[in-house]
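Right, one structure below, let's go through it.
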Amino acid sequence: MYQKIFVAVDLEHEASAKKSIHAARQLGGESAQYIIASVLPFSSSSMVSNYLPKDYRKRVKDEVHARLDELVMTFQWQDNVKTEIYSGSIYEELTDAAKALHCDVLLIGSGRNGHGLGGNAQRVAQFFNQSVLIVR
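Quick note: the sequence shown uses my numbering, first residue 60, plus one each step.
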């Protein structure tokens with residue numbers, strides 16, 4: 060069994076996120092440590108950010124964190140789970156965070172409604188140096 064499991068979820072695809080969390084729980088059981096994470100693909104373009112309210116990123120991040128916490132609570136987990144929000148390039152943020160946290164495995168949804176692999180799932184599988192589980 061895995062001891063430290065990183066689960067990447069896209070809150071815009073809640074059914075897929077729930078599948079990934081459920082699969083992680085089956086892999087790790089009660090004793091594993093879980094990191095449930097989502098990435099906000101914020102644009103670094105100053106042209107775009109000039110038209111947004113000054114606190115836009117913080118408000119979006121707070122809202123996503125609340126949604127992520129709510130999703131995790133539906134699984135009635137104990138203290139062995141934490142949620143994280145990252146922003147930037149999706150596959151880079153996921154692989155960098157999972158490496159920094161010394162995770163045994165990274166779970167990610169396939170990203171294409173079960174038909175092939177999405178770009179982020181493909182890149183995570185290519186660049187993460189530990190096990191990757193792609194959930195369909």
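For glycine and all other residues, C-beta sits at the position ideal for the given N, C-alpha and C.
Problem set entry | Nearest-angstrom Cβ-Cβ length linking Val123 and Tyr93, presumed shorter than 8 angstroms | Here residue 123 refers to the residue found at position 64 when the sequence shown is read from its first residue. Here residue 93 refers to the residue found at position 34 when the sequence shown is read from its first residue. Their Cβ separation, rounded to whole angstroms, is 18 angstroms, which puts Val123 and Tyr93 out of contact at 8 angstroms.
For this session: Could you tell me whether the segment 158-168 touches the segment 125-137, using the rule of 3 or more Cβ pairs below 8 angstroms?
Result: no
Problem set entry | DSSP bridge partner residues for Lys63 (one or two, in chain order) | Position 4 of the sequence shown, counting from 1, holds the residue named residue 63. Looking at the DSSP assignment, Lys63 forms a beta bridge with Gln92.
For this session: Let me know the secondary structure DSSP gives Val140 once reduced to three states.
Result: As a first step, residue 140 is located in the sequence shown; it is residue number 81 there, counting from the start. The answer is strand: DSSP assigns Val140 an E or B state.
Problem set entry | Straight-line gap, Ala91 to Asp114 (C-alpha atoms, nearest Å) | What you label residue 91 is simply residue 32 of the sequence shown in a count that begins at 1. What you label residue 114 is simply residue 55 of the sequence shown in a count that begins at 1. One C-alpha to the other measures close to 36 angstroms.
Exercise. What is the rounded straight-line gap between the Cα of Val76 and the Cα of Asn109?
Worked result: For the purposes of this step, residue 76 is taken as the residue at position 17 of the sequence shown. For the purposes of this step, residue 109 is taken as the residue at position 50 of the sequence shown. The displayed chain sequence assigns Ala, not Val, to residue 76. Spanning the two alpha carbons is a distance of roughly 32 angstroms.
Exercise. Where DSSP assigns a beta bridge to Val164, which residues make up the other side?
Worked result: Taking the first residue of the sequence shown as position 1, residue 164 is located at position 105. Ile64 and Ser190, per the DSSP bridge assignment.
Exercise. When the distance is taken between beta carbons, is Arg126 closer than 9 angstroms to Leu70?
Worked result: For this step, residue 70 is matched to residue 11 along the sequence shown. For this step, residue 126 is matched to residue 67 along the sequence shown. Cβ distance < 9 angstroms, so Leu70 and Arg126 count as in contact.
Problem set entry | Assigned secondary structure, Tyr110 (DSSP; H/G/I helix, E/B strand, else coil) | As a working mapping, residue 110 is identified with position 51 in the sequence shown. Under the three-state reduction of DSSP output, Tyr110 falls in the coil class, being neither helix nor strand.
Problem set entry | Backbone secondary structure at Ser146 - three-state DSSP | By one-based count along the sequence shown, residue 146 stands at place 87. Ser146 falls in the strand class under three-state DSSP.
Exercise. Near Ile149, what residues of its chain come up, given a Cβ to Cβ distance below 7 angstroms and the 5 sequence neighbours on each side ignored?
Worked result: For the purposes of this step, residue 149 is taken as residue 90 along the sequence shown, with counting starting at 1. Result list for Ile149: Val98, Pro100 and Asn179, in chain order.
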